[in-house]
Each structure stands twice: as C-alpha cells, then as structure tokens.
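Residues are numbered in our numbering as their position in the sequence shown, beginning at 1, plus a constant of 588.
Note that the Cβ used here is the ideal one computed from N, Cα and C, for glycine as well.
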Amino acid sequence: MTQLRYEIADRVATLTLDGPSRKNPLTFELYAELRDWFRKLPSEEEIKAVVITGAGGNFSSGGDVHDIIGPLTTRTPTELLEFTQMTGDVVKAMLVAPQPIVAAVDGVCVGAGAMLAMASDLRYGTARSKVAFLFVRVGLAGCDMGACAMLPRILGHGRAAELLYTGRAMPGTQALEWGFYSDLCEPEAVLGRAHAVARELAYGPTAAHAMTKRMLHDEWDMPLDAAIDSEARAQAFCMETGDFRRAYEAFVTKTTPAFQGN
Numbered sequence: 589m590t591q592l593r594y595e596i597a598d599r600v601a602t603l604t605l606d607g608p609s610r611k612n613p614l615t616f617e618l619y620a621e622l623r624d625w626f627r628k629l630p631s632e633e634e635i636k637a638v639v640i641t642g643a644g645g646n647f648s649s650g651g652d653v654h655d656i657i658g659p660l661t662t663r664t665p666t667e668l669l670e671f672t673q674m675t676g677d678v679v680k681a682m683l684v685a686p687q688p689i690v691a692a693v694d695g696v697c698v699g700a701g702a703m704l705a706m707a708s709d710l711r712y713g714t715a716r717s718k719v720a721f722l723f724v725r726v727g728l729a730g731c732d733m734g735a736c737a738m739l740p741r742i743l744g745h746g747r748a749a750e751l752l753y754t755g756r757a758m759p760g761t762q763a764l765e766w767g768f769y770s771d772l773c774e775p776e777a778v779l780g781r782a783h784a785v786a787r788e789l790a791y792g793p794t795a796a797h798a799m800t801k802r803m804l805h806d807e808w809d810m811p812l813d814a815a816i817d818s819e820a821r822a823q824a825f826c827m828e829t830g831d832f833r834r835a836y837e838a839f840v841t842k843t844t845p846a847f848q849g850n
C-alpha cells in the first residue's frame, strides 16, 4: 500500500507518495489522507509552499486496480457518489489552499495521479515522464476530479479533448510544448528544481502569492469587467501589507527585501 510521507524544511512541506513497487498507486485511505492534509493547510502557518512527488522514479499510477477499481464494481450508487465526491474534494482542497503547490513529476503520472499533478500550481517534469488521463481505459468518462474543467484551461480545448477521449500517454517533451509543464529536468534533478522553486516562493511575499492563487481560481468563470474589479480590490488589499512597504524600502536602499508574509 502507498504511504504518504511528509516533511517540513525551509518553510516547504514535501509530500511523497511512497509505494514504489506498484508505482505509487492511490487507495481509498490515501485519498482521504490527502484530502484531510490539504484541508489543514490554511491553518499551517509554518508551511509557505508545498512540493508533491512520488517515490522510486514514478509520480503515481493513479487509482489502484485491486484496491479501488475492483471494489467499486460492487458498490451501491450512493457509495459510488460518496467516493467520487471524496476524490473531487482532494482537488478542491489543493485549489483553495493558500500555499503554492509545486509538482515534481517523473515516470508514470496517470489517472488520478495526473489529476494531483494538474491540481498543483506549477509542474516540473522529465523527458521520460508519461502523463495520461486513463479514465476511458476503464470504461469511464474523462470528467473525473475536474479534468474537463481544468485540462482545457491548461492545454486548450482540442488538445485536452484528444487526451481525455483516447487516454493516450503524453510524453514529457510534448507536455512541455503544450504547457502542462513549466520546464523539463533530468530525472535526478527534477525534485531539486521543484524544491528550489518552492523555497523561492516560500521566502517571497506569501500573502501576495496566496492572493494570486485565489484570483487564478476565482476568476475562471468571471466576466472580464468583474475580474478587473475583483483584482482591484485584491491588489489594494496587498498594498496594505507590510511586504509592500518592505519591498519599497528595499528598493530605495538598494537592498534585498526580507518578506514576512504580512
């Protein structure tokens, strides 16, 4: 069974999906643990950014065939809906957490594992990684955990539709070209790159980062005029923070601002 390992250092929490013998599959228990962990993030003042990755050269093979797919075939309609809502709650919790989440993706990243990567704010991958939304391969629709809403916003409608209809694997080079990844790294360097980015964010104006994340989420379905008004209020709020003043004072004195997240 995949275990969820987490550690905190330098204001960054690292989550590792640890079940390498089976490429870090997700189980009922792991979904619930991830949901609960991400739901606690708004109150975790020590954590300013998150890195999520997988053990053993793979990110995640998604929902475990034996531990999840098989049992689901015997569940009642009510139980099935409870399960799909729980998996969606993992993504919801990731999206509303104020901390930026950075995914370090190597090897297999498919199904629900691909959704965890997509729900992250930034993704760094490797050329050998394979990202696939495999729901169609088990007779299910591509509309899982928010995939039909999120993937078109990242890749565009046509590219997202092709991946969701076919379930084919998207190699790392194509994932970079299509905008799924921010950059490609060598396998031995991808986790370090994710940590470096996360640390930079963690020592930056974290209240402002949280606002950026919130606005990216909230403005998905806003008319442009409403989005402009919402951003005006958000930016005015950020101008009230100490970090805004610290940045100005550092500019005047030609020093590096020491952001404190308030």
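Considering only the beta carbon of each residue, do R833 and F847 sit closer than 8 Å?
-> Residue mapping note: residue 833 aligns to position 245 of the sequence shown, counting from 1. Residue mapping note: residue 847 aligns to position 259 of the sequence shown, counting from 1. Against a cut-off of 8 Å, the Cβ pair of F847 and R833 comes out as no contact.
Does the distance from the C-beta atom of Y619 to that of M674 stay below 8 Å?
-> Counted from its first residue, the sequence shown places residue 619 at position 31. Counted from its first residue, the sequence shown places residue 674 at position 86. At a Cβ-Cβ threshold of 8 Å, Y619 and M674 count as neighbours.
Considering only residues of the same chain and omitting the five flanking positions on each side of P688, which have a CB-CB separation below 8 Å?
-> Here residue 688 refers to the residue found at position 100 when the sequence shown is read from its first residue. Here P688 has A637, V638, D709, L710, A786, L789, H797 and K801 as same chain residues with Cβ atoms under 8 Å from its own Cβ, once five neighbours each way along the sequence are excluded.
Distance between D652 and E634 (C-alpha atoms, nearest Å) = Against the sequence shown, residue 634 aligns to sequence position 46. Against the sequence shown, residue 652 aligns to sequence position 64. Between the C-alpha atoms of E634 and D652 there is a straight-line separation of about 33 Å.
Nearest candidate by alpha-carbon position, reference R725, set L739, G699 and H745 | In the sequence shown, counting from the first residue as 1, residue 725 sits at position 137. Of the candidates L739, G699 and H745, the one whose C-alpha sits nearest the C-alpha of R725 is G699.
How many angstroms separate the CA atom of R627 from the CA atom of E667?
-> Start at 1 with the first residue of the sequence shown, and residue 627 comes out as number 39. Start at 1 with the first residue of the sequence shown, and residue 667 comes out as number 79. Roughly 22 Å between the two C-alpha positions.
Shortest alpha-carbon distance to M589 belongs to which of P740, R599, I656 and C826?
-> Here residue 589 is taken as the residue at index 1 of the sequence shown, counted from 1. Of the candidates P740, R599, I656 and C826, the one whose C-alpha sits nearest the C-alpha of M589 is I656.
CB-CB under 7 Å to A729, same chain, minus the five flanking residues each way: which ones, in chain order?
-> Locating residue 729 in the sequence shown gives position 141, where the first residue counts as 1. Excluding residues within five positions, the ones whose Cβ falls inside 7 Å are F723.
Taking C-alpha atoms, which residue in G734, N850 and A597 lies nearest to W808?
-> Position 220 of the sequence shown holds residue 808. W808 has its Cα closest to that of G734, out of G734, N850 and A597.
So, are the CB atoms of L622 and V690 less than 8 Å apart?
-> Position 34 of the sequence shown, counted from the first residue, corresponds to residue 622. Position 102 of the sequence shown, counted from the first residue, corresponds to residue 690. Against a cut-off of 8 Å, the Cβ pair of V690 and L622 comes out as no contact.
Find out if the Cβ-Cβ distance for the pair P763, G830 is shorter than 8 Å.
-> Numbered from its first residue, the sequence shown carries residue 763 at position 175. Numbered from its first residue, the sequence shown carries residue 830 at position 242. The question names Pro, but residue 763 is Ala in the sequence shown. Not a contact, by the Cβ cut-off of 8 Å.
Proximity of A685 and V778 at Cβ, strictly below 8 Å = For the purposes of this step, residue 685 is taken as residue 97 along the sequence shown, with counting starting at 1. For the purposes of this step, residue 778 is taken as residue 190 along the sequence shown, with counting starting at 1. Taking 8 Å as the Cβ cut-off, A685 and V778 do not qualify as a contacting pair.
Give the range of the beta strand (DSSP E) segment to which Q848 is assigned.
-> Here residue 848 corresponds to residue number 260 of the sequence shown, with the count starting at 1. Counting along the chain, Q848 falls outside any beta strand (DSSP E), and DSSP gives it neither H nor E.
Residue ranges of each alpha helix (DSSP H) run of no fewer than 4 residues wholly in the segment 605-647, ordered along the chain?
-> Here the runs fully enclosed are 616-628.
Just the C-alpha distance for R610 and L704, rounded to the nearest angstrom, thanks.
-> Within the sequence shown, the letter at position 22 stands for residue 610. Within the sequence shown, the letter at position 116 stands for residue 704. Those two C-alpha atoms are separated by around 17 Å.
What is the DSSP secondary structure of P759, counted as helix, strand or coil?
-> Position 171 of the sequence shown, counted from the first residue, corresponds to residue 759. DSSP places P759 in strand when its eight states are reduced to three.
By Cβ distance, which residues of its chain are closer than 8 Å to E617, with the 5 residues on each side in sequence left out?
-> The residue labelled residue 617 in the question sits at position 29 within the sequence shown. If we look at E617 and ignore the five residues flanking it on each side, its Cβ neighbours are M589.
Report the three-state DSSP secondary structure of D856 (helix, strand or coil).
-> Residue 856 lies beyond the range of the chain shown here (589 to 850); nothing can be said about it.
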